[in-house]
Amino acid sequence: MSASVLASCLWVLAATATAMLPMRHQMVPGLALLVSAPVLMVWLALSVGWWMGVLGLLAFLSMFRRPLGALVGWLLRRGGWA
702 MSASVLASCL
712 WVLAATATAM
722 LPMRHQMVPG
732 LALLVSAPVL
742 MVWLALSVGW
752 WMGVLGLLAF
762 LSMFRRPLGA
772 LVGWLLRRGG
782 WA
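Put into structure tokens, the structure is as follows:
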């Protein structure tokens, strides 16, 4: 098993553990997971193949759909996309 696949599995376990925390304790580890995910997906795509990067992206979007939706809504209300 390559290091990128192992790191991806550990990321999923960390995300699952973070989801089990009370909401007030999820912010810091959730932000760390949110920031580290793109780097991990690019590493995974480069070491295993682009299709694995796409699967990682789909898993990431599935797990973080609400926080990402809130972030997009906040940016649209602020006019951050202009």
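Count along the sequence shown from 1, add 701, and you get the number used in this note's numbering. The C-beta atom is built at its ideal place from N, Cα and C for all residues, glycine as well.
1) Per DSSP, what kind of secondary structure is S705 in: helix, strand or coil?
2) Measure the alpha-carbon distance for L714 versus M724 and round it to whole angstroms.
3) Between W752, G774, L758, L777, which lies nearest to L735 when the distance is taken from Cα to Cα?
4) So, with DSSP's three-state summary, where would you put P723?
5) Mind checking L679: buried by the 16 CB within 10 Å criterion, or exposed?
6) With a 10 Å radius around its C-beta and 16 neighbouring C-beta atoms as the bar for buried, classify W712 as buried or exposed.
According to the structure data:
1) In the sequence shown, the residue the question calls residue 705 occupies position 4. S705: helix per DSSP, three-state reduction.
2) What you label residue 714 is simply residue 13 of the sequence shown in a count that begins at 1. What you label residue 724 is simply residue 23 of the sequence shown in a count that begins at 1. Their backbone Cα atoms lie some 17 Å apart in a straight line.
3) For this step, residue 735 is matched to residue 34 along the sequence shown. Per the Cα distances, L758.
4) Translated into the one-based positions of the sequence shown, residue 723 becomes position 22. Residue state, collapsed to three classes: coil.
5) No answer is possible for residue 679: the residues shown for the chain start at 702 and end at 783.
6) Position 11 of the sequence shown, counted from the first residue, corresponds to residue 712. So W712 counts as buried.
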